[in-house]
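This note's numbering numbers the first residue of the sequence shown as 338 and each following residue consecutively. Beneath this line is the structure, given in structure tokens, with notes to follow.
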Amino acid sequence: MEDKANSGSTAVEAAENPTAPAKKPSKSKSKAQREKASHPPTSEMVNAAIKELKDRKGSSLQAIKKYIASTYKVDGEKFAPFIKRYLKSAVTSGTVVQTKGKGASGSFKLSTGKNSESSKTKKVPHPTKKSVPKKTQWVEKKTSF
Numbered sequence: 338m339e340d341k342a343n344s345g346s347t348a349v350e351a352a353e354n355p356t357a358p359a360k361k362p363s364k365s366k367s368k369a370q371r372e373k374a375s376h377p378p379t380s381e382m383v384n385a386a387i388k389e390l391k392d393r394k395g396s397s398l399q400a401i402k403k404y405i406a407s408t409y410k411v412d413g414e415k416f417a418p419f420i421k422r423y424l425k426s427a428v429t430s431g432t433v434v435q436t437k438g439k440g441a442s443g444s445f446k447l448s449t450g451k452n453s454e455s456s457k458t459k460k461v462p463h464p465t466k467k468s469v470p471k472k473t474q475w476v477e478k479k480t481s482f
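Here is the structure:
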């Protein structure tokens, strides 16, 4: 019987004490007032890493993580999912070209968007010549059997 009486009194105390709901809004405010990161966005870090590594065949995911960890003083393992997500989206958008592998593994190079745009603009102004079909004469051979 004492257990029922004690459990009832704790429920009454919890109902009278409104501090628990007050903490929930303060948590959301703390997220809104979060300090800005000391490092640039992932896209800038990955692009800078690929540019600075200057690998001819492309920079590997491991090399990109290592460069970011040493340059921007962030934990490479904690930052890995963000790097992978950016690489996947950048490959689909065309800002980064994947030279080896699938998904977020393999080697990556920055796309040469300027070269492809200039070649497209060069192709557009050139007038295309209309080709006139050549007239060919068919000579029938007479065969005697």
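We treat Cβ as the ideally placed atom computed from N, Cα and C, and that holds for glycine. Note that the structure is predicted; figures quoted are calculated from it, not measured.
| Looking at the structure shown, is Q435 part of a helix, part of a strand, or coil, going by DSSP? | strand
| query | Between the C-alpha atoms of V411 and R371, what's the straight-line distance to the nearest angstrom? | reply | Whole-angstrom Cα-Cα distance: 17 Å.
| request: Quick one: residues in its chain with C-beta nearer than 6 Å to the C-beta of K421, no 5 flanking neighbours on either side, listed in chain order? | output: A441
| So which of T449, V433, Q474, F482 has the shortest CA-CA distance to S397? | V433
| Going straight from the alpha carbon of H376 to that of S407, what length do you get? | 12 Å
| said: Quick check on S313: does DSSP put it in helix, strand or coil? | reply: No answer is possible for residue 313: it lies beyond the span of the chain, which begins at 338 and ends at 482.
| query | To the nearest angstrom, how far is it from the Cα of E454 to the Cα of G443? | reply | Low per-residue confidence applies at E454: pLDDT is 45, beneath 50, and the placement is therefore not dependable, though the value from the model is reported in the following sentence. Roughly 26 Å between the two C-alpha positions.
| request: State buried or exposed for M395, treating a residue as buried only when at least 16 other CB atoms are found within 10 Å of its CB. | output: According to the sequence as given, residue 395 is Gly; it is not Met. So G395 counts as buried.
| Pairwise C-alpha distance: Q474 and K446 | 55 Å
| field | Cβ shell of S380 (< 6 Å), same chain only, five flanking positions each side left out | value | Here the set comprises Y423.
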